[in-house]
Every structure is written in structure tokens, then in C-alpha cells.
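For reference, the structure discussed in these notes is given below.
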Amino acid sequence: MNVKSSSTILEPLSFNQFKKEVLHDYKIAVISRECSLIGRREVLTGKAKFGIFGDGKEVPQLAMAKAFKKGDFRSGYYRDQTFMLAIGELTPQQFFAGLYAHTDINADPMSGGRQMGGHFATHSLDENGHFKSLTEQYNSSGDISPTASQMPRLLGLAYASKLFRNLSEIKNSKFSNNGNEISWGTIGNASTSEGIFFETINAAGVLQV
2 MNVKSSSTIL
12 EPLSFNQFKK
22 EVLHDYKIAV
32 ISRECSLIGR
42 REVLTGKAKF
52 GIFGDGKEVP
62 QLAMAKAFKK
72 GDFRSGYYRD
82 QTFMLAIGEL
92 TPQQFFAGLY
102 AHTDINADPM
112 SGGRQMGGHF
122 ATHSLDENGH
132 FKSLTEQYNS
142 SGDISPTASQ
152 MPRLLGLAYA
162 SKLFRNLSEI
172 KNSKFSNNGN
182 EISWGTIGNA
192 STSEGIFFET
202 INAAGVLQV
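Quick note: the sequence shown uses the working numbering, first residue 2, plus one each step.
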């Protein structure tokens, strides 16, 4: 099931298109909320070992997905399921495969059961081990568990784009659109109290990304 929206926030919409878009977004939000509720029930009844979910984050993540373009990078956390659904990089089946730690990479393309559920990722390599054209796909760096740990990686992705923009030797490549991609980060309120969050914000100012 690919639920990626066909429009972006920059395109003018007729009333009928707007109505269709609202219903489409509502559908994604409902699917995501139901995944959260069912997933929590599966954990509490012992059918899944551990789960952490994104209920309550649906609307801002839908808005983020509309502005997210191919070639952009996400460095987020375990509550980003609505966003991943909205860009078409996650299905409910894959969501639950991750929750149950399914070891088949076709069932759980994020990690094949090797990471906890909610650790969202896209593939940078094809089935032959060759790099894909990252400018032609939505990119999500694989999540990790320590709170706020996505922040220094977010800075690294942004700084890499700056290097691609400033170094003529690497400007034209399948890794960057001349440095014009955006690195998107998400974080919870509590994690903004971590020292690594403040260090990242400081470094971003120093590096001018």
C-alpha cells in the first residue's frame, strides 16, 4: 500500500482536490493511530516484546511529509510512523513485521528484525550492493535507540550537503543534488534536555548549515 500524497504544499488546489487531499491525509492519520493502538495492545498482552508508537504526532508529520522531497534525508526517532506512511516508505504490514521482529528483509525492510520496531530506514544500496541514486528517492537514515542521538547525525547529513555544494569535485553525483537537499530532524520534548542536543545546535551554528 503506497499512501504517498500526489501534491505538495506548493501546488495550488481546487476545492475538489483540496477535499480529496484532506480525506487522504485523514485516512493516513487514522491508519497510523490504529497501528499505534493495536501495537500497544499486542505489547501489553505479550504478543510482542517491546513497542513504542507515534500516536498524537499524526498531523505535524503529515505536514512534514508534504514538504519532504526526493533527495531529502530524515534523521528522526521512533515516533515517525505517520511520516513514513505518508511518504510511502512504510505499510501497516511492514510496521507490524518490525514490531514482531520478523527476520525476513522482505517483510521488515527496515532491518529484517535486527533492530527494535519503529527504527525506520530506507535502503541506500540495491540488491546487488551498488549505491542507488539517493537524489531520486526519499531517504531515511536508520534510527538508533539512545535519546537525542539522531541530532548529531542530522547535523552530519546537513554538513555533507554543504560540502557537496561547495566542492566542485563532488557536485554532480547520485548522492546529492548539488547540496540543495534538506536534512529533516524530529525529536521529542524530553530529548531536548540531553547535552548532545545542545552540542548539535551549537555545532550547527558554528558550521553554518
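A virtual CB, placed ideally from N, CA and C, is assigned to each residue, including glycine.
| task | Just list the alpha helix (DSSP H) runs in the segment 108-179, keeping only unbroken ones of 4 residues or longer that don't cross its boundaries, in chain order. | result | 151-167
| request: Could you please give the first and the last residue of the uninterrupted beta strand (DSSP E) stretch that includes Ser192? | output: Run containing Ser192: none; DSSP gives neither H nor E here.
| query | Do you know whose CA, among Ile171, Gln138 and Pro153, lies nearest Lys70's CA? | reply | Gln138
| query | What first and last residue would you give for the alpha helix (DSSP H) that runs through Phe74? | reply | From DSSP, Phe74 is part of no alpha helix (DSSP H) but of the beta strand (DSSP E) over Phe74 to Ser76.
| field | Nonlocal neighbours in the same chain, by C-beta distance under 6 Å from Phe198, ignoring five residues either side | value | Ala149 and Met152
| task | Please look up how many angstroms separate the CB atoms of Thr83 and Leu100, rounded, as I've assumed it's under 8 Å. | result | At roughly 16 Å, the Cβ-Cβ gap does not stay under 8 Å, so Thr83 and Leu100 are not in contact.
| query | Going by C-alpha distance, which of Ile53, Arg75, Leu91 and Asn17 is nearest Ser184? | reply | Arg75
| task | Express the C-alpha separation of Asn140 and Leu126 in angstroms, rounding to a whole number. | result | 12 Å
| Meets three-Cβ-pair contact criterion under 8 Å: the segment 154-163 and the segment 172-189 | yes
| request: Give every residue of the same chain whose Cβ lies closer than 7 Å to the Cβ of Arg41, excluding the five residues on either side of it in the sequence, and list them in chain order. | output: Gly52 and Phe54
| query | Can you tell me whether Glu12 is buried or exposed, with buried defined as 16 or more other CB within 10 angstroms of its CB? | reply | exposed
| said: In this structure, how does DSSP classify Ser37 when only helix, strand and coil are distinguished? | reply: helix
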